[in-house]
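Chains as they are written, first to last, in the working numbering: chain U, 14 to 132; chain C, 35 to 494. Beta carbons are placed, not taken as given, at the ideal position from N, Cα and C, and that holds for glycine.
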Amino acid sequence: MEKILIPIYNQDIAPRFDLATEVVILIREAGNPLPEERMMVLPQASAEQLCHLILSDGISTLICGGIEEEYFQYLSWKKVRILDSVIGPWRKAADLFMEGRLKAGDILRKRRMEGLDGA
Amino acid sequence: MPIAHITELFRASLDFQKFLDHIPMGVLIVNPERHILCVNHGFEALTGFSADQALGLPCRDILRSRQCMLHCPVQKALDTGETQSLETDIISRDRQRIPVRMTIAALHDNQGKTCGFIETLEDLRPFRELGEKQRQAYSFSKVVGRSPQMEKIFQILPVLAQSDASVLITGETGTGKDLVAEALHQSSERSRGPFIKVNCGALPETLMESELFGHMKGAFTGAHENKPGRFRLAHGGTLFLTEIGDLSLSLQVKLLTFLDDRIIYPLGSTKGFPANVRIIAATHRNLEAMVKEGLFRQDLLFRLNVARVHLPSLREREDDIRLLLDHFLITFNQHLKKSLKGYTPEALKILLAYHFPGNVRELRNIVEYAVNVCPKNTIEISHLPAYLTSIAFSQESAPEKSHPAFFSPQATEASWNTVERQMILNALVQAGGRKSKAATLLGWGRSTLWRKIKQYGIDA
């Protein structure tokens with residue numbers, strides 16, 4: 014069983030780990046291609062509480078946006094795999110992760126350029 | 035990457051990208067949907083995201099500022115139509131949390147329609163580092179003390195800093211009135227504004243009026259140009275009037291008028307200037323006594339005395355002397371790159387017994403001198419200023435020599451006035467109330483004794 018945690022902001026990956034108030038936990042069982050999704054609303058935004066949740070819940074992978082070095086190092090030290098600076102809808106990130114194609118720093122959002130779009 | 039141009043500003047169209055790159059702070063331009071259209075080099079350096087990575091994405095995803103997650107400032111700028119400026123933090127691509135000042139202004143097309151926003155990001159790290167240094171110098175925690183009197187002051191200062199009320203700081207010389215005034219300013223919402231200090235006793239009355247309120251060109255002979263005055267310079271900040279007790283009565287009236295109306299009238303001007311200034315006043319004088327003597331206006335005292343901070347003398351907070359001795363030893367060790375361990379018991383005895391008429395300033399100077407002079411690891415008696423050791427010797431030998439009855443152990447730690455008063459009382463008691471005998475005992479003439487009795491209000 015593998016657990017993946019994504020801090021989210023509406024339909025997107027939360028731009029900041031420390032300010033996320035909602036997370037989705039994906040539980041992937043061996044042999045089951047569709048992971049179980051569990052949403053959690055946190056009482057307040059706190060990087061410390063999120064770290065505690067990740068460790069106490071046995072999360073093996075964290076997919077997030079911006080994360081401070083301090084928390085990144087701490088979770089890495091605790092053997093949590095971190096894919097940070099991922100930008101875009103969390104479902105797309107989850108799908109790519111399940112396919113083994115997600116990397117840290119991936120931008121999954123369609124770009125919209127005013128001058129170029131309209132032209 | 036697209037290169038945008040501004041037309042009609044110059045004859046040739048302006049390369050907007052290059053123009054932005056010259057600005058020494060992060061700049062980004064977003065459309066009304068908050069998608070990034072353009073960023074400069076400063077932005078790339080600050081956030082760690084290149085223009086190629088950032089363009090076309092919602093600014094929230096790239097900026098990753100605290101404010102974006104709480105209340106989008108661009109939305110606020112759109113709703114209010116006003117420029118937004120706020121302090122927040124961002125998380126850069128290399129996972130650093132960077133304090134920034136973010137300013138957002140709407141961009142309008144030639145019909146006045148909002149076509150986007152320009153956001154600037156100012157890295158506040160250098161200011162924060164500077165602020166740390168300033169905090170070390172001015173913060174409440176650096177007004178050192180653990181005596182009950184100081185604890186009370188530490189409790190009240192943060193509250194006063196947050197209010198905009200006038201503050202009157204009283205206390206003997208060297209107790210830290212200036213430090214407290216500056217600390218109040220630094221901790222207040224006006225801290226980004228100016229802190230202007232005026233010594234009310236430093237200039238003659240006429241010059242002081244012009245100095246405080248400014249003058250217009252031609253207001254008096256020699257007024258060749260307009261002068262803004264300290265009140266105007268302190269606009270948006272704090273004006274610290276030190277030695278307020280030395281302010282002349284006529285200027286007291288002008289100050290009173292300002293405190294009522296908040297408008298200053300420069301000399302020779304009929305047009306007032308509404309100055310947004312917080313007044314902090316300080317004095318070592320007893321203003322209540324001055325009011326009784328008619329030297330200080332009572333109504334001005336009432337207006338200044340909205341909040342009062344009385345800084346106790348070092349004699350009243352003897353518990354703090356040891357603490358301050360160690361504190362300044364550490365400070366000067368760092369400043370002078372020395373590694374003195376402390377004081378010998380003998381030196382400490384002299385220092386703890388001294389009454390410090392110059393209060394913390396004097397103590398600080400004594401420690402600075404000792405740290406400078408001491409070539410060893412520990413400060414000894416010989417490293418203390420000579421006047422301290424001579425006082426100590428005279429105190430040790432004096433009781434046996436001349437006036438055994440007139441000195442008591444407490445007297446050595448009190449101010450000279452208290453000691454002298456006690457001496458007179460003791461002499462009078464010893465002389466059975468006869469002034470001439472008391473004067474002989476004291477080694478004074480009768481008239482001197484009479485004058486001193488009157489001075490100290492002794493009912494003899």
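Runs of alpha helix (DSSP H) lying entirely within the segment 219-306 of chain C, each at least 4 residues, in chain order: Entirely contained in the segment 219-306 of chain C, the alpha helix (DSSP H) runs reaching 4 residues are, in chain order, 239-247, 263-267 and 283-295.
Quick check: the segment 126-133 of chain C against the segment 184-194 of chain C, are at least 3 beta-carbon pairs closer than 8 angstroms? Using a Cβ-Cβ distance cut-off of 8 angstroms, the segment 184-194 of chain C and the segment 126-133 of chain C are not in contact, since fewer than three pairs of beta carbons, one from each stretch, lie closer than that value.
Of the residues 275/C, 228/C and 387/C, the one placed nearest residue 352/C, counting alpha carbons only: Along the second sequence, read from residue 1 onward, the residue named residue 352/C stands at position 318. Minimum Cα-Cα distance from residue 352/C among the listed residues 275/C, 228/C and 387/C corresponds to 387/C.
In its own chain, which residues sit with a C-beta less than 8 angstroms from the C-beta of residue 109/U, not counting the 5 before and 5 after it? Counting from one through the first sequence, the residue named residue 109/U turns up at place 96. 115, 119 and 121, listed in sequence order.
Any beta-carbon of chain C closer than 8 angstroms to the one on residue 32/U? Here residue 32/U refers to the residue found at position 19 of the first sequence. For residue 32/U, the nearest beta carbon of chain C is closer than 8 angstroms to its own beta carbon.
Cβ contact check for the segment 337-357 of chain C and the segment 190-202 of chain C: 3 or more pairs under 8 angstroms: Yes: the two stretches touch, three or more of their Cβ pairs being nearer than 8 angstroms.
Taking only beta carbons into account, state which residues of the segment 102-128 of chain U come closer than 9 angstroms to chain C, listed in chain order. The residues in question are 118, 120, 122, 123, 124, 125, 126, 127 and 128.
Using 8 angstroms for Cβ pairs, my map puts residue 272/C next to residue 229/C. What's the rounded Cβ distance? Here residue 272/C refers to the residue found at position 238 of the second sequence. Here residue 229/C refers to the residue found at position 195 of the second sequence. Between residue 272/C and residue 229/C the beta-carbon gap is near 5 angstroms, inside 8 angstroms, which marks them as a contact.
Which of the three DSSP states, helix, strand or coil, is assigned to residue 433/C? By one-based count along the second sequence, residue 433/C stands at place 399. With a pLDDT of 43 at residue 433/C, under the threshold of 50, the modelled position of this residue cannot be trusted; read the value that follows with caution. Assignment of residue 433/C by DSSP, reduced to helix, strand and coil, places it in the helix class.
Strictly under 8 angstroms for the Cβ-Cβ distance: is residue 49/C near chain U by that measure? Residue mapping note: residue 49/C aligns to position 15 of the second sequence, counting from 1. Closer than 8 angstroms: no.
Check whether the segment 300-307 of chain C and the segment 247-261 of chain C are in contact - that is, three or more C-beta pairs closer than 8 angstroms. Judged by Cβ distances under 8 angstroms, the segment 300-307 of chain C makes contact with the segment 247-261 of chain C, as three or more pairs qualify.
Of all the residues that make up the segment 130-141 of chain C, which are near chain U by a beta-carbon distance shorter than 9 angstroms? 130 and 131: these are the residues of the segment 130-141 of chain C whose beta carbon lies less than 9 angstroms from some beta carbon of chain U, given in chain order.
If we cut at 8 angstroms on Cβ distances, does residue 60/C have a partner in chain U? What you label residue 60/C is simply residue 26 of the second sequence in a count that begins at 1. Using a CB distance cut-off of 8 angstroms, residue 60/C does not count as an interface residue toward chain U.
By a C-beta neighbour count over all protein chains shown, 10 Å radius and 16 as the cutoff for buried, is residue 52/C buried or exposed? As a position in the second sequence, residue 52/C is number 18, starting the count at 1. Result: exposed.
Which residue wins for smallest C-alpha separation from residue 76/C, given the options 46/C, 110/C, 134/C and 104/C? Position 42 of the second sequence, counted from the first residue, corresponds to residue 76/C. Looking at the Cα atoms, 134/C is the closest of the given residues.
Exposed or buried, residue 232/C, counting other C-beta atoms within 10 Å across all chains shown (16 or more means buried)? Here residue 232/C corresponds to residue number 198 of the second sequence, with the count starting at 1. Classification for residue 232/C: buried.
Against residue 82/U, what residues of chain C qualify as contacts under a CB-to-CB distance less than 9 angstroms, listed in chain order? Counting from 1 along the first sequence, the entry for residue 82/U is found at position 69. Going along chain C in sequence order, the residues near residue 82/U (Cβ under 9 angstroms) are 128, 129, 130 and 131.
Cutting at 6 angstroms between CB atoms, please list the residues of its own chain near residue 239/C, excluding the five before and the five after it. Residue mapping note: residue 239/C aligns to position 205 of the second sequence, counting from 1. Answer for residue 239/C: 282, listed in chain order.
Residue ranges of each alpha helix (DSSP H) run of no fewer than 4 residues wholly in the segment 59-113 of chain C, ordered along the chain? You should have 75-81, 85-88, 93-97 and 100-104.
Taking only three categories from DSSP, how would you classify residue 151/C? Residue mapping note: residue 151/C aligns to position 117 of the second sequence, counting from 1. DSSP, read as helix, strand or coil, puts residue 151/C in strand.
Measure from the alpha carbon of residue 266/C to the alpha carbon of each residue in 258/C, 246/C and 259/C, then state which is nearest. Stepping through the second sequence from its first residue, residue 266/C is reached at position 232. With distances taken between Cα atoms, residue 266/C lies closest to 246/C.
Residue closest to residue 94/C, alpha-carbon to alpha-carbon, out of 470/C, 297/C and 153/C: The count along the second sequence starts at 1 and reaches residue 94/C at position 60. Considering only alpha carbons, the answer is 153/C.
Residue 29/U touches chain C at which residues, Cβ-Cβ below 7 angstroms? The residue given as residue 29/U occupies position 16 in the first sequence. Going along chain C in sequence order, the residues near residue 29/U (Cβ under 7 angstroms) are 98, 103 and 125.
Taking the alpha-carbon positions, what's the residue 108/C to residue 103/U distance? In the second sequence, the residue the question calls residue 108/C occupies position 74. In the first sequence, the residue the question calls residue 103/U occupies position 90. Cα to Cα, the separation comes out at about 24 angstroms.
Mind reading off the beta-carbon distance from residue 345/C to residue 214/C? Whole number of angstroms is fine, and I expect it under 8 angstroms. Position 311 of the second sequence holds residue 345/C. Position 180 of the second sequence holds residue 214/C. So it is a contact: roughly 7 angstroms between Cβ atoms.
Check for me: the beta strand (DSSP E) holding residue 20/U runs from which residue to which? By 1-based counting over the first sequence, the position of residue 20/U is 7. Run containing residue 20/U: 15-22, per the beta strand (DSSP E) assignment.
Assuming contact is defined by CB atoms lying nearer than 8 angstroms, are residue 413/C and residue 378/C in contact in what I supplied? Translated into positions along the second sequence, residue 413/C becomes position 379. Translated into positions along the second sequence, residue 378/C becomes position 344. Yes, Cβ-Cβ distance for residue 413/C and residue 378/C is below 8 angstroms.
Is any beta-carbon of chain C found at less than 8 angstroms from that of residue 98/U? Counting from 1 along the first sequence, the entry for residue 98/U is found at position 85. True, the Cβ-Cβ gap to chain C drops below 8 angstroms.
Decide yes or no for the touch test of the segment 45-63 of chain U against the segment 91-99 of chain U: beta carbon pairs closer than 8 angstroms, at least 3 of them. Taking 8 angstroms as the limit for Cβ pairs, the verdict is that the segment 91-99 of chain U does not touch the segment 45-63 of chain U.
Delimiting residues of the beta strand (DSSP E) encompassing residue 53/U: Along the first sequence, one-based indexing puts residue 53/U at 40. Element bounds for residue 53/U: 49-54.
Within 10 angstroms of the Cβ of residue 76/U, are there 16 or more other Cβ atoms? Answer buried if so, exposed if not. The sequence position of residue 76/U within the first sequence is 63, counting from 1. That one is buried.
How big is the Cα-Cα spacing for residue 371/C and residue 179/C? As a first step, residue 371/C is located in the second sequence; it is residue number 337 there, counting from the start. As a first step, residue 179/C is located in the second sequence; it is residue number 145 there, counting from the start. A straight line joining the alpha-carbon of residue 371/C with that of residue 179/C spans about 25 angstroms.
What are the residues in the segment 200-227 of chain C lying within 7 angstroms of chain U by C-beta distance? Listed in sequence order: no entries.
Measuring only between beta-carbons, confirm whether residue 76/U sits less than 8 angstroms from chain C. Locating residue 76/U in the first sequence gives position 63, counting from the first residue. Proximity of residue 76/U to chain C, defined by a Cβ-Cβ separation below 8 angstroms, is not satisfied.
Is it the case that the Cβ atoms of residue 111/U and residue 48/U are separated by a distance below 8 angstroms? If you number the first sequence from 1, residue 111/U lands on position 98. If you number the first sequence from 1, residue 48/U lands on position 35. Residue 48/U is positioned such that its CB atom lies closer than 8 angstroms to that of residue 111/U.
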